[in-house]
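**Q** Here it is: the structure, laid out below.
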Amino acid sequence: MVPDKLIHSLRAARQVTVLTGAGVSAESGIPTFRDALTGLWSQYNPQELATPDAFRRNPRLVWEWYAFRRQMLTEKTPNPGHFALAEIEKHIPEFILVTQNIDGLHQRAGSRNVIELHGNLGRVKCFDENTVISQWAETGEVPPRCPRCGGLLRPDVVWFGEYLPADALEAGQAAARSCNVFFSVGTSGMVQPAASLPFMALEQGAMVVEVNPDETPLSRWATHTLRGPSGVWLPDVVKTAWG
Ligand code: BJW
Numbered sequence: 010m011v012p013d014k015l016i017h018s019l020r021a022a023r024q025v026t027v028l029t030g031a032g033v034s035a036e037s038g039i040p041t042f043r044d045a046l047t048g049l050w051s052q053y054n055p056q057e058l059a060t061p062d063a064f065r066r067n068p069r070l071v072w073e074w075y076a077f078r079r080q081m082l083t084e085k086t087p088n089p090g091h092f093a094l095a096e097i098e099k100h101i102p103e104f105i106l107v108t109q110n111i112d113g114l115h116q117r118a119g120s121r122n123v124i125e126l127h128g129n130l131g132r133v134k135c136f137d138e139n140t141v142i143s144q145w146a147e148t149g150e151v152p153p154r155c156p157r158c159g160g161l162l163r164p165d166v167v168w169f170g171e172y173l174p175a176d177a178l179e180a181g182q183a184a185a186r187s188c189n190v191f192f193s194v195g196t197s198g199m200v201q202p203a204a205s206l207p208f209m210a211l212e213q214g215a216m217v218v219e220v221n222p223d224e225t226p227l228s229r230w231a232t233h234t235l236r237g238p239s240g241v242w243l244p245d246v247v248k249t250a251w252g
């Protein structure tokens, strides 16, 4: 059962901030990263696929891995957890959804105020110039080349050792510091700087709610933990709060 105190705070909240991670898309059939059996990192080595050095070493491998994941995404759709977050947004004066996910499923579910911390798989940028590129010549070369400078194209996502987009990070941190209720949904809390956001909210006195089937480093600090899948808990929160 959703705790009464959480429902009361949510109904009264002026600002709600939500941080999501791969777990919110798990029920759409998209693998997480660190789940022991099904997570991407149980099959693939992040050092060979999700770092600038990996791309320098083997750009074709990295490009093809992301192309495979982009293709997989075309068959996936938002799940009840995504839709519930879009519904919560309608009831809260200021609602900010900060996501680490690159799958665009929140926007497809109808969420409007979304901050993407780790980029988006649907975009491509130049490895050398960092410019987002929407069109390029299909010459058969893998990865394709930047039409402006001839550099290699790469997915517009944030790899280990790269800085997050400064405007997105600043907006996410400000949203964490100014909210009344903060939800941390489907993230292991292992990757910085995103993992610090719930702690910033706690420092400012916000109610922090974790939604996750498993324990994380946040669990013992969270005001409430909803232990289980977000596709079950989040619709329950909506139904209890607003019928
Ligand atoms: C469910 C569920 C269901 C399952 N319902 N829940 C400070 C200290 C130590 C290290 C660092 C530090 N600052 C920076 C670093 C280095 C690094 C880092 O954090 N490393 C740690 C691993 C130690 N960070 C960076 O490099 C970042 N850059 C940066 O900080 O720049 C400044 C800097 C540079 C250099 C040095 C120092 C500072 C960039 C991080 C970029 C992360 N990129 C990735 C890949 C994106 C592209 C791609 O998709 O391929 O982003 S890695 C991967 O992890 C992806 C995710 O967004 C991110 C977070 O993972 P997430 O979402 O939490 O997924 P999981 O799988 O970990 O967890 C899923 C959860 O869901 C689990 O808890 C399940 O239980 C749960 N779940 N089913 C709800 N149905």
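Just so you know, my numbering puts 223 at position 214 of the sequence shown, and the rest follows in order with no gaps.
Even glycine gets a Cβ: it sits at the ideal position worked out from N, Cα and C.
Let me check you understand the geometry: is the CB of V194 closer than 7 Å to at least one non-hydrogen atom of the ligand BJW?
**A** Counting from one through the sequence shown, the residue named residue 194 turns up at place 185. It does: the Cβ of V194 is within 7 Å (strictly closer) of some heavy atom of the ligand BJW.
**Q** Expressed to the nearest angstrom, what Euclidean distance is found between the alpha-carbon atoms of K14 and E171?
**A** The sequence position of residue 14 within the sequence shown is 5, counting from 1. The sequence position of residue 171 within the sequence shown is 162, counting from 1. So the alpha carbons of these two residues sit roughly 39 Å apart.
**Q** Counting only the same chain and skipping the five closest in sequence on each side, list residues whose C-beta sits under 8 Å from that of N189.
**A** Locating residue 189 in the sequence shown gives position 180, counting from the first residue. Only S18, A21, A22, R23, Q24, V25, A215 and M216 meet the Cβ criterion.
**Q** Going straight from the alpha carbon of L235 to that of A250, what length do you get?
**A** On the sequence shown, residue 235 is found 226 positions in, with the first residue counted as 1. On the sequence shown, residue 250 is found 241 positions in, with the first residue counted as 1. Each residue's Cα considered, the two are about 15 Å apart.
**Q** Does the beta-carbon of M209, which I'm using as the reference point, lie nearer than 7 Å to any heavy atom of the ligand BJW?
**A** Taking the first residue of the sequence shown as 1, we reach residue 209 at position 200. The answer is no for M209.
**Q** Taking the beta strand (DSSP E) that S51 falls in, what are its first and last residues?
**A** To locate residue 51, count along the sequence shown from 1; it is residue 42. Where S51 is concerned, there is no enclosing beta strand (DSSP E), although the alpha helix (DSSP H) it sits in stretches over L49 to Q52.
**Q** What does DSSP give as the partner residues of K191 in its beta bridges?
**A** What you label residue 191 is simply residue 182 of the sequence shown in a count that begins at 1. The residue asked about is misnamed: residue 191 is Phe in this sequence, not Lys. T26 and V217.
**Q** Is Y172 near the ligand BJW, with its Cβ less than 7 Å from a heavy atom?
**A** For the purposes of this step, residue 172 is taken as residue 163 along the sequence shown, with counting starting at 1. Y172: yes, Cβ under 7 Å from the ligand BJW.
**Q** From the DSSP output, in three-state form, read off V246 for me.
**A** Mapped onto the sequence shown, residue 246 falls at position 237. Note: V246 maps to helix in three-state DSSP.
**Q** Determine which residues share a DSSP beta bridge with G128 and list them.
**A** Residue numbering aside, residue 128 sits at position 119 when the sequence shown is read from its first letter. In the DSSP output, where bridge partners are listed per residue, G128 has V166.
**Q** Using 10 angstroms around the beta-carbon of G159, count the other beta-carbons present and answer buried if the total reaches 16, otherwise exposed.
**A** For the purposes of this step, residue 159 is taken as residue 150 along the sequence shown, with counting starting at 1. Under this definition G159 is an exposed residue.
**Q** Taking only three categories from DSSP, how would you classify V123?
**A** Here residue 123 refers to the residue found at position 114 when the sequence shown is read from its first residue. In the structure shown, V123 sits in a strand (DSSP, three-state: E or B).
**Q** Please name the residue or residues paired with V133 in a DSSP beta bridge.
**A** Along the sequence shown, one-based indexing puts residue 133 at 124. Partner(s): I142 and P164.
**Q** List the endpoints of the continuous beta strand (DSSP E) containing I16.
**A** Walking along the sequence shown from the start, residue 16 turns up at place 7. Not the beta strand (DSSP E): I16 falls in the alpha helix (DSSP H), residues D13 to A21.
**Q** Are the CB atoms of V4 and A93 nearer to each other than 8 Å?
**A** Nothing can be reported for residue 4, as the shown portion of the chain is limited to 10 through 252.
**Q** Does A59 pass the burial test, meaning 16 or more other C-beta atoms within 10 Å, or should it be called exposed?
**A** Stepping through the sequence shown from its first residue, residue 59 is reached at position 50. Buried, because 16 or more other Cβ atoms sit within 10 Å of the Cβ of A59.
**Q** If I follow the unbroken beta strand (DSSP E) through L106, where does it start and stop?
**A** Sequence index remark: in the sequence shown, residue 106 carries index 97 (1-based). L106 -> beta strand (DSSP E) spans E103 to T108.
**Q** With 16 as the cutoff for other CB atoms within 10 Å, does S143 come out buried or exposed?
**A** Position 134 of the sequence shown, counted from the first residue, corresponds to residue 143. The residue in question, S143, is exposed, as its Cβ has fewer than 16 Cβ neighbours within 10 Å.
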